[in-house]
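Chemist:
Number of protein chains: 2
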Amino acid sequence: MDVIVGGGVVGLSVAWRLAREGRPVTVIDPAPGSGASHAAAGMLAPVSEVTYTEAPLLRLGVASLRRWPAFAAELAADAGLGTTGLEAGGQESPEHAVGLRLAPGAPPGRGLDLRADGTLDVAFGADDLAALEELAAFMDKLGLPVERLTGRECRRLEPMLAPSVRGGLLAPDDAWVNPRRVTAALLTALERRGVPLVRARATGLLHEDGAVVGVRLEPGGEVRGERVVLAAGAWSGGLADVPVRPVKGQIMRLRSPQPLLSRCVRGAVHGSSVYLVPRGDGELVVGATQEEMGFDTKVTAGGLYELLRDARELVPGVTELEVADVVAGLRPGTPDNLPVIGPSGTPGLVYATGHHRGGVLLAPLTTAILLGEESELAALCAPGRFRDLS
Amino acid sequence: MDVIVGGGVVGLSVAWRLAREGRPVTVIDPAPGSGASHAAAGMLAPVSEVTYTEAPLLRLGVASLRRWPAFAAELAADAGLGTTGLEAGGQESPEHAVGLRLAPGAPPGRGLDLRADGTLDVAFGADDLAALEELAAFMDKLGLPVERLTGRECRRLEPMLAPSVRGGLLAPDDAWVNPRRVTAALLTALERRGVPLVRARATGLLHEDGAVVGVRLEPGGEVRGERVVLAAGAWSGGLADVPVRPVKGQIMRLRSPQPLLSRCVRGAVHGSSVYLVPRGDGELVVGATQEEMGFDTKVTAGGLYELLRDARELVPGVTELEVADVVAGLRPGTPDNLPVIGPSGTPGLVYATGHHRGGVLLAPLTTAILLGEESELAALCAPGRFRDLS
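Residue numbers (full-length UniProt numbering), protein chains in the order written: chain H, 1 to 390; chain A, 1 to 390.
1) I'd like to know if L321(A) contacts chain H, where contact means its C-beta is closer than 8 angstroms to some C-beta of that chain.
2) Mind checking whether G348(H) and V212(H) have CB atoms under 8 angstroms apart?
3) What is the rounded straight-line gap between the Cα of L254(A) and the Cα of V318(A)?
4) Can you give, in chain order, each stretch of the beta strand (DSSP E) that sits fully within the stretch 260 to 304 of chain H and has at least 3 residues?
5) Which chain H residues are close to V318(A), counting only those with a beta carbon under 7 angstroms from its beta carbon?
6) On the CB-based measure, 16 or more other CB atoms within 10 Å of its CB, does G204(H) come out buried or exposed?
7) For M43(H), which residues does DSSP report across the bridge?
8) Could one say the Cβ of Y305(H) lies closer than 8 angstroms to chain A's Cβ atoms, at least one of them?
9) Show which residues of chain H have a CB atom less than 8 angstroms away from the CB atom of A311(A).
10) Please name the residue or residues paired with I251(H) in a DSSP beta bridge.
11) With a cut-off of 8 angstroms, does the C-beta of K248(A) fall near any C-beta of chain H?
12) So, helix, strand or coil for E158(H), using DSSP?
13) Are there 16 or more other CB atoms within 10 angstroms of the CB of residue 400(H), so buried, or fewer, so exposed?
14) Candidates A268(H), Q258(H), S262(H) and H207(H): which alpha carbon is nearest A240(H)'s?
15) With DSSP run on the structure shown, which of helix, strand or coil describes A123(A)?
16) Given this structure, state the Cα-to-Cα distance separating P364(H) from M1(H), to the nearest angstrom.
17) Comparing the C-beta of L254(A) with each C-beta of chain H, is any distance below 8 angstroms?
18) Mind checking who A2(H) pairs with in its DSSP beta bridge?
19) Applying the criterion that 16 or more other CB atoms from any shown protein chain within 10 Å of the CB defines a buried residue, is Q258(H) buried or exposed?
20) If we count the other Cβ atoms within 10 Å of its Cβ and call it buried at 16 or more, is F295(H) buried or exposed?
21) Kindly indicate which residue of A352(H), M160(H), P46(H) and R115(H) has the alpha-carbon position closest to the one of V3(H).
22) Taking one C-beta from the stretch 261 to 270 of chain H and one from the stretch 121 to 137 of chain H each time, how about it: are there three or more such pairs within less than 8 angstroms?
23) For P339(H), report the span of its beta strand (DSSP E) as first-last.
24) From the beta carbon of L161(H), is the nearest beta carbon of chain A less than 8 angstroms away?
25) Nearest to G33(H) by CA position, among P383(H), V360(H), A368(H) and G372(H), is which residue?
26) Can you look up P243(A) in the DSSP assignment and give me helix, strand or coil?
27) Under 8 angstroms between C-beta atoms, does L308(A) make it to chain H?
28) Any contact of the stretch 184 to 200 of chain H with the stretch 23 to 42 of chain H, i.e. 3+ C-beta pairs under 8 angstroms?
29) Quick test of your reading: G345(A) and A378(A), contact by CB under 8 angstroms. State the CB separation rounded to the nearest angstrom.
30) Whole angstroms is fine: what's the gap from R331(H)'s alpha carbon to V274(A)'s?
31) Less than 8 angstroms between the beta carbons of L314(A) and L186(A), yes or no?
32) Give me the residue from L129(A), P179(A) and R193(A) with the minimum Cα distance to L169(A).
33) So, under 8 angstroms CB-CB, L190(H) and A15(H) are touching, yes? Tell me the CB distance rounded to an integer number of Å.
34) Can the beta-carbon of V229(A) be found closer than 8 angstroms to that of V340(A)?
35) Using a cut-off of 9 angstroms between C-beta atoms, extract the partners of K141(A) located in chain H.
36) For the beta strand (DSSP E) that E218(A) lies in, which residues bound it at each end?
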């Protein structure tokens, strides 16, 4: 049996794929879906994320985004959902190179709320515009599909954008999904497959003869298995010798009677980056702070202030919206911003952690790596790379 | 029997005083203590409030503040609380002209959390400073005890104030209380006296032969009495012909491990006024917006943004604090900003409403007016003044 430690979007996805393969699995989590997956905005945006990262992560992101439509379709079917919001694209649609296509007539806000209308990255000042231009050149070199837009063209796409927006980049292939619906669907799918869910905290690994053979639980007891998959996100570093640290993110959900935006919008304001993700049900997600604060998950006055200030700057109309929800989550950060996926080096222990800001995007790829379907990309995520450092 | 419509701080205070006088009373409210009293900061600050109002309201406020210590002491005794946080001042203490004295050794945060350490009104720019100087001259003329302070003196009193504070006015007699503890104590005191509380919404008044004889309830039924006291706050205008309108206020509670302030601080920032009220239990209340939005009680992105922006400007250290609570309440506003207290003109109907921003401060005076103890001040609040207008 495989013991999956962690019931976030990564752990649940791994459990679900393994269960579909006919393997016996058990999931351990005191409160499934309540960690970083609960806070996450759900951007599936490897292209616009290029701003903040390097080529290896882009490769992982693009590969995982291509897997999302099939992943979503299978998950929706397994969970008994009527629709995913998207059909899995058998052939490439001309406007969306990664093959996501909106299902004709699929009502927004149903299913997983998976949407593929692209990300618009906007610039305010001349400096921002120059940085965006450089980024566009870099993306061209990588062969990524992006379109340069003037301020007027940005506002034609998104009329609620601030008049001071000077220009933008459209990444038409970027998509997004509602992570809370994904974890709910995964839990339903697992339940329908009879996968046991142990609602307890794993406090340590059980070692026998140099191998990991299970986990200890709080307040007592243990679960044993042939293999332990550590998918405990920011808490992974407390259970095994893996360099994962918590990176705090505060994120806000606004409620909009009319949708203010038709796609994800992001921008740099006063040097800090903010993004706005519209949901089919009228929710508008505003994220997110990035703070090195250890395991602190307090929503602070300063965090809220930054989000509100930057969101207002980007889309002034947000001031009228109701504040529905504010939470802080802990991303599992790694030294090189790449996830840690695969055999740990200790027999019986496998890692599926360190996804930082990309757990939702990278969940399908993570399952594929663990099932041996992506050997080349698996090398980028191999846990062994950190052993060389120490 | 008296039927009190409204279980906020005013309605409950009236019911409690009447019950203490031996009168049979019944209180009607679907959710006592959940309206404006739940949102209120609890400033008992008639002097610093002079900024925003006129002489009649100042007279009411000062008279009611003088009643607060005895009111609090009796309430604490009746509710079985150990301490009010203050002793009722039998003689005037030299530094607090209204006679509030901190009980020696009274632990902060217990009882009603009544404190009398004054309000500090601060100015940022030269214009603010000039306005504060004018206000000080006006207060001198009224004989109100205020002290002019330099920026350095302000920071000596409150070291967490922003370095850009240029000067201030200290109103040493101003006090504050925790309104949620006051309504809780009132509910306990009423329960101990056996006063019935009907948890239902009053939807209309019962009229017979030109007199009010009770109220109709939702979902059905009625309560009859010799006298109906309308203390329904912002909802009063829907039940009787009294010119009360809702004035929305959004207010935030922050949680502070160490107290940032030792007294109430207020200031004008970018032309909008903000105040910070420290509680004994480490809570820091930041208030409040004033919005004419009808019966809307949504917490909005814009409201939160204003509060956070202005609080940061006044006390930069708030950014580190946890956001514990954000609510919107509806103040009962009147055309002249004075409350409406006394016989309505219709037999059987008495008003105790329209307290706008001053319900907590004016509760003791309101009960005194209704019990015939304050005939001169009663004239200022007489409902008849609006009949002359129409």
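Backbone N, C-alpha and C define an ideal beta-carbon position, used for all residues, glycine too.
None of the values given here were measured: they were computed from a predicted structure.
Modeler: The short version:
1) At least one C-beta of chain H is nearer than 8 angstroms to the C-beta of L321(A).
2) Yes, these two residues count as a Cβ contact at 8 angstroms.
3) Looking at the two C-alpha atoms, the distance is approximately 8 angstroms.
4) With a minimum length of 3 residues, the unbroken runs of beta strand (DSSP E) contained wholly in the stretch 260 to 304 of chain H fall at 264 to 269, 272 to 278 and 283 to 287.
5) Those within 7 angstroms of V318(A) in chain H are A301.
6) Around the Cβ of G204(H), a 10 Å sphere holds fewer than 16 other Cβ atoms; the residue is exposed.
7) Answer is W176(H).
8) It does; some Cβ of chain A falls within 8 angstroms.
9) Residues of chain H with a Cβ closer than 8 angstroms to the Cβ of A311(A) are, in chain order, A301.
10) Assignment of beta-bridge partners to I251(H) by DSSP yields G287(H) and V327(H).
11) When Cβ-Cβ separations below 8 angstroms define contact, K248(A) makes no contact with chain H.
12) Per DSSP, reduced to three states, the secondary structure at E158(H) is coil, with no helix or strand assignment.
13) Since the first residue of chain H shown is 1 and the last is 390, residue 400(H) is not available in this structure.
14) Nearest in C-alpha terms to A240(H), of all of A268(H), Q258(H), S262(H) and H207(H), is H207(H).
15) If DSSP states are grouped into helix, strand and coil, A123(A) belongs with the strands.
16) Roughly 21 angstroms between the two C-alpha positions.
17) At a cut-off of 8 angstroms, the C-beta of L254(A) has a neighbouring C-beta in chain H.
18) It is worth fixing the name first, because residue 2(H) is Asp in this sequence and not Ala. According to DSSP, D2(H) bridges with V25(H) and R227(H).
19) Of the other Cβ atoms in all chains shown, fewer than 16 fall within 10 Å of the Cβ of Q258(H); this residue is therefore exposed.
20) With fewer than 16 other CB atoms across the displayed protein chains lying within 10 angstroms of its CB, F295(H) is exposed.
21) Measuring from the Cα of V3(H), the nearest candidate turns out to be A352(H).
22) Here the stretch 261 to 270 of chain H makes contact with the stretch 121 to 137 of chain H; the two share three or more CB pairs at distances below 8 angstroms.
23) Run containing P339(H): none; DSSP gives neither H nor E here.
24) Chain A contact via Cβ: absent.
25) For the residues P383(H), V360(H), A368(H) and G372(H), the minimum Cα distance to G33(H) belongs to V360(H).
26) DSSP, reduced to helix, strand and coil, places P243(A) outside both helices and strands of the structure shown, so it counts as coil.
27) Yes, L308(A) counts as interfacial toward chain H.
28) Contact holds: three or more Cβ-Cβ distances are below 8 angstroms.
29) The pair is not a contact, with the Cβ atoms about 15 angstroms apart (cut-off 8 angstroms).
30) So the alpha carbons of these two residues sit roughly 35 angstroms apart.
31) Their beta carbons are not under 8 angstroms apart, which means L314(A) does not touch L186(A) by this criterion.
32) The shortest Cα separation from L169(A) among L129(A), P179(A) and R193(A) belongs to L129(A).
33) Right, their Cβ atoms sit about 6 angstroms apart.
34) Taking 8 angstroms as the cut-off, the Cβ atoms of V229(A) and V340(A) do not count as close.
35) Against K141(A), chain H offers no close residue; the least beta-carbon distance is about 39 angstroms (beta-carbon pairs closer than 9 angstroms).
36) For E218(A), the enclosing beta strand (DSSP E) stretches over residues A211 to E218.
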